[in-house]
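Just so we're aligned: the sequence shown equals residues 828 to 1032 in the numbering used here.
Inspection log for the structure reproduced underneath, given as structure tokens.
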Amino acid sequence: MCKFFAPMNLLAILLLGIALSLDTFAVSLTLGLLADRTTHRQKVRFLVVIGLFHFLMIVIGWFMGETVSRLIADYDHWIAFGLLLFIGGKMIQEGLSARGDSVSGSDLLSLRNTLLLGIALSIDALITGFTIGLVQVRLFAGCQLGNVLAAALIIGLSALVISAAGIGIGRKASSRLGAKAEVFGGLILIAIGTRILLEHLGVIG
């Protein structure tokens, strides 16, 4: 297959990891706002899932190649939008319910929701993995597979670190929002999903 892009070095991979983590950072801010309603174990599990999913999606996209990746690209934005709409809507419903502050939030980062968020937030990495397959990744002297795995690891770690920063920042701001945090967080998730959908449909640039 012809090579259409310039080789990618460490700086390019780091910038790519940051770009892929912007939505993840916004969602992590939301989780930080609700830090008192989730356990430390749940937040750690979320960070691990986010990092692992970004790593796996890059590698899977690289292995799948052009045909399957383009097929998925036709629907990935709908998947991300649907998952974020579902979780965001549930957060708003609980935030507006009669339970108010009594909502424990234990369901917010349940294993199911954590996996759904992991898929929704890393699905762009799947297509990125295919794009990486069109270039020569040069992180060290060695086979291309090893370089791709190293690149995927860097991107996964970037997502994990940026998500952890988002949770930390959101936690500091949580006291100002109080009971409104859950509603605000749900709106953020829906806004992110809507932006992903509109971008892929070409409505916004």
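Where is the CB? At the ideal position from N, CA and C, for every residue including glycine.
Excluding five sequence positions before and after Leu-911, the CB atoms of its chain that fall closer than 7 angstroms to its own CB belong to Ala-947, Leu-1016, Ile-1017, Ile-1019, Gly-1020, given in chain order. Shown here, Val-964 sits in a strand according to DSSP, grouped into three states. For Thr-955, the enclosing alpha helix (DSSP H) stretches over residues 938 to 959. Using a Cβ-Cβ distance cut-off of 8 angstroms, the segment 972 to 982 and the segment 896 to 908 are not in contact, since fewer than three pairs of beta carbons, one from each stretch, lie closer than that value. Across the set Ile-840, Ala-853, Thr-857, Gly-844, the C-alpha of Thr-857 shows the shortest separation from the C-alpha of Val-1010. Counting only runs that start and end inside the segment 840 to 906, the alpha helix (DSSP H) elements of at least 4 residues fall at 849 to 860, 867 to 891, 893 to 900. The secondary-structure analysis by DSSP pairs Met-835 across a beta bridge with Val-964. In the three-state reduction of the DSSP assignment, Leu-935 falls in the coil class. A direct Cα-Cα distance of roughly 22 angstroms separates Leu-1025 from Gly-956. The C-beta distance from Gly-1012 to Leu-861 rounds to 6 angstroms, short enough to meet the 8 angstroms contact threshold. Counting only the Cα atoms, Asp-951 lies some 17 angstroms from Leu-874. At a Cβ-Cβ threshold of 7 angstroms, Gly-878 and Gly-983 count as neighbours.
Distance check between Leu-935 and each of Ile-914, Leu-953, Leu-923 places Ile-914 closest, using alpha-carbon atoms only.
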